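Numbering (the numbering used here), first residue to last: 134 to 326. Accompanying notes for the structure given below.
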């Protein structure tokens with residue numbers, strides 16, 4: 134039995150099982166290649182985000198301080214990862230105290246206690262309050278300087294002394310807000326009185 138011309142054309146049009154398997158293998162290989170490429174790209178993006186986040190966290194620093202035993206100064210926190218550089222403390226204009234640069238990384242009550250006593254004179258001897266100050270400070274991360282400024286509250290109290298007026302003691306240093314300027318601390322001080 135011989136095959137007619139139409140039957141021969143039909144037979145040639147049929148795809149053999151081997152050809153189907155070969156085409157399916159090429160499709161599967163292409164999908165696998167695309168999937169691997171996508172995973173590598175996603176992994177690289179995740180790694181870049183993690184590195185940026187770690188770098189940002191490493192560079193983040195908030196100035197903190199602790200009260201000295203005599204309650205007459207605030208000792209600014211020292212960290213190996215973020216050594217402090219220049220520190221400038223600016224007071225409300227109404228106090229009449231010039232900005233002070235801290236070489237010893239401390240904030241001294243002696244800088245402003247006379248002005249604070251004069252401003253709060255006429256009231257009770259025992260009093261507490263917050264003095265808003267603008268602190269501009271430089272710190273280093275991997276030998277790269279970063280300068281920030283923020284408004285901090287110096288928490289203080291006054292106590293009467295026998296025959297010597299009132300003394301000012303410092304109780305705490307608290308971050309009030311990031312940024313700030315002279316006008317803002319003047320407004321905060323006006324509210325505090």
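Cβ atoms here follow ideal geometry from the backbone N, Cα and C, with glycine treated the same way. Please read these numbers as outputs of a predicted model, since none were measured by experiment.
Could you give the DSSP three-state label for residue i: helix, strand or coil?
{"i": "residue 135", "result": "coil"}
{"i": "residue 219", "result": "strand"}
{"i": "residue 160", "result": "helix"}
{"i": "residue 166", "result": "helix"}
{"i": "residue 104", "result": "Absent from the structure is residue 104, since the part of the chain shown begins at 134 and ends at 326."}
{"i": "residue 177", "result": "helix"}
{"i": "residue 208", "result": "strand"}
{"i": "residue 291", "result": "strand"}
{"i": "residue 185", "result": "helix"}
{"i": "residue 279", "result": "strand"}
{"i": "residue 213", "result": "coil"}
Could you tell me the boundaries of the beta strand (DSSP E) in which residue i lies?
{"i": "residue 322", "result": "Counting along the chain, residue 322 falls outside any beta strand (DSSP E), though it belongs to the alpha helix (DSSP H) covering 315-325."}
{"i": "residue 235", "result": "Counting along the chain, residue 235 falls outside any beta strand (DSSP E), and DSSP gives it neither H nor E."}
{"i": "residue 265", "result": "260-274"}
{"i": "residue 312", "result": "Here residue 312 belongs to no beta strand (DSSP E), and DSSP marks it neither H nor E."}
{"i": "residue 199", "result": "198-200"}
Hey, how far is the Cα of residue i from the Cα of residue j?
{"i": "residue 201", "j": "residue 235", "result": "15 Å"}
{"i": "residue 198", "j": "residue 166", "result": "56 Å"}
{"i": "residue 308", "j": "residue 169", "result": "49 Å"}
{"i": "residue 272", "j": "residue 320", "result": "28 Å"}
{"i": "residue 212", "j": "residue 221", "result": "19 Å"}
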